[in-house]
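Chains as they are written, first to last, in our numbering: chain A, 15 to 280; chain B, 33 to 305. Built from N, CA and C at the ideal position, the CB exists for glycine as well.
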């Protein structure tokens, strides 16, 4: 009971921390909107040439673009969420303080990242999405059920996104510097989440592979659920399976890491 | 005479500061090589995206893959050079927030040179390298009847493009003096600009093309001169001499950006603590 309140407080802290930078948030909204406009035109040209590419029509491709811009900061697709702070704490040795706390390390950072994601969604994601819906034709459902299912996929996507980045952050226990890992996170995040192109438009065997990787849980699944392209229960199962597997892997790695932790500078 | 020595002094300061940062990054050679490779991969993802698109279609907006690669190579190489020279300017807002910008003001060297060379990162050669590789591939595979004028126009595009993007970076820096936290707005014009120019103008709406021709004249980096080289219709019906106007546009942009920078610098108020 008490621990639930604790993690809620940590999440609220994560939310407030990001909510402090208002001008930066407005700037981010502007940038996401500009990129959305550029991508929409290129996708429209692509779908003009190949109608129904990946099973999407043009309005669905447009919806995918704006959802991608909405979730870009929310799911820290190119990194820059909780894992960045965690890496820095491992590098400096401040992680020792975190390990002393009467709270679970993984849950602590997950709670903080969920708070961050919620703010990025409301503060930074909703406006570009609404802009897209006003100025471009989008394929949005009119009934409540798909939207409710969409909210569930977003929650699961947030957990999967965190679980991937948590694993990456723990590697700093061995590597001592997060620069290279961050670059790997950026490249894999952008490419395998489908920021470059929707995963269902990837050709051949490459497409088969990227659609079952955990990154598919981030944008592709929420997009398909929102637009009714997949069975919501199947999407939930896919996302939940990856969430559980990756969080469990994070736990294993965490216990291995903390057994060998040597605090620098101490 | 005074103007000229100020320029020489600025370049000298830039060289010294950039050299310092280069030596510092060279201390960890393996790390340096890894980050160059990382930079190359991250910035190359856009081209991977274009290749993926062309695995599904034969043309985009009526342009073939070599033609789009030509646009991509020019946009990325020109932007890469500007990014290498002035790319650290987006930390300017942070410097103003924490007060370290004041330190730059009291040093006996031009502020623009100091800000431009700040955290000079040789790893940004990664972007230039992949842009240049794509450009070279495009040059040999594109179907063009090469003439002396067309061949000459290619290096002219790269240099004027780099100057136009540099002007955007400097103008963005001036903007940050007024809107410190809003540094990311600049990304919409720099990174957004180079992404936009990777695709043919025929893909975008008339109004957008008009905007990047007359308001932020990015179209002169590659779209307009490429229309001449590739024998394509000029965007928004521009006259044919416009293909050769890029150097002039670049000079005008740099002059305007310089004026904006000086105005910004004069109105700078320190946080004071």
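Here residue 255 of chain B is buried. Its C-beta has 16 or more other C-beta atoms within 10 Å. Contact annotation: in the region 97-127 of chain B, no residue has its CB less than 8 angstroms from a CB in chain A. Ranked by how close their Cα comes to the Cα of residue 190 of chain A, the residues A:174, A:108, A:161 and A:221 have A:108 in first place. One finds nothing in chain B with a Cβ atom closer than 7 angstroms to the Cβ of residue 72 of chain A; even the nearest lies about 14 angstroms away. Only exposed fits residue 55 of chain B, as fewer than 16 other CB atoms lie within 10 angstroms of its CB. A Cβ-Cβ separation of about 36 angstroms leaves residue 176 of chain B out of contact with residue 290 of chain B under the 8 angstroms criterion. For residue 232 of chain B, there is no enclosing alpha helix (DSSP H), as DSSP marks it with neither H nor E.
Residue contact check for residue 210 of chain B against chain A: no CB pair falls below 8 angstroms.
The three-state secondary structure of residue 178 of chain B, taken from DSSP, is coil. At a cut-off of 8 angstroms, the C-beta of residue 254 of chain B has no neighbouring C-beta in chain A.
Per the C-alpha coordinates, the member of B:75, B:100 and B:52 positioned closest to residue 152 of chain B is B:52. In the three-state scheme derived from DSSP, where H, G and I count as helix and E and B as strand, residue 89 of chain A is classed as coil. Within the model, the alpha-carbon separation for residue 284 of chain B versus residue 275 of chain B is close to 16 angstroms. Counting along the chain, no alpha helix (DSSP H) covers residue 273 of chain B, and no H or E run does either. By alpha-carbon distance to residue 49 of chain A, the top candidate from A:204, A:80, A:38 and A:244 is A:80.
By alpha-carbon distance to residue 210 of chain A, the top candidate from B:188, B:75 and B:41 is B:75. Contact annotation for residue 40 of chain A against chain B: 214 [CB-CB distance below 8 angstroms, chain order]. Contact between residue 244 of chain A and residue 113 of chain A does not hold, since the beta-carbon distance rounds to 41 angstroms and is not under 8 angstroms. In the displayed model, residue 170 of chain A falls within a helix according to three-state DSSP. Per the C-alpha coordinates, the member of A:250, A:59, A:51 and A:52 positioned closest to residue 171 of chain A is A:250. The three-state reading of DSSP puts residue 240 of chain B in helix, counting H, G and I together. Among the residues facing chain B, residue 219 of chain A is not included, as its CB has no counterpart in that chain under 8 angstroms away. A Cβ-Cβ distance of about 21 angstroms is found for the pair residue 166 of chain B and residue 63 of chain A, leaving them out of contact under the 8 angstroms criterion. Residues of chain B whose Cβ lies closer than 7 angstroms to the Cβ of residue 48 of chain A are, in chain order, 220 and 224. Between the region 113-127 of chain A and the region 144-162 of chain A there are fewer than three C-beta pairs closer than 8 angstroms, too few to call the two in contact. Taken through DSSP and simplified to helix, strand or coil, residue 92 of chain B comes out as strand. In the three-state scheme derived from DSSP, where H, G and I count as helix and E and B as strand, residue 214 of chain A is classed as helix. With a threshold of 16 other beta carbon atoms within 10 Å, residue 140 of chain B falls short and is exposed. By the Cβ criterion, the region 215-223 of chain B is not in contact with the region 128-139 of chain B, since fewer than three pairs of Cβ atoms, one from each stretch, lie closer than 8 angstroms. In the three-state DSSP reduction, residue 254 of chain B falls in the coil class, being neither helix nor strand. When DSSP states are grouped into helix, strand and coil, residue 37 of chain B belongs to the helix group. If you draw a straight line from the Cα of residue 69 of chain B to the Cα of residue 193 of chain A, it comes to about 12 angstroms. Neighbours of residue 86 of chain A across chain B, judged by C-beta separation under 8 angstroms, do not exist; the nearest C-beta is about 12 angstroms away.
About 6 angstroms separates the beta carbon of residue 250 of chain B from that of residue 229 of chain B, a gap short enough to meet the 8 angstroms contact definition. The alpha-carbon separation between residue 44 of chain B and residue 157 of chain B amounts to approximately 21 angstroms. Within chain A, the C-beta atoms nearer than 7 angstroms to that of residue 87 of chain B come from 217, in chain order.
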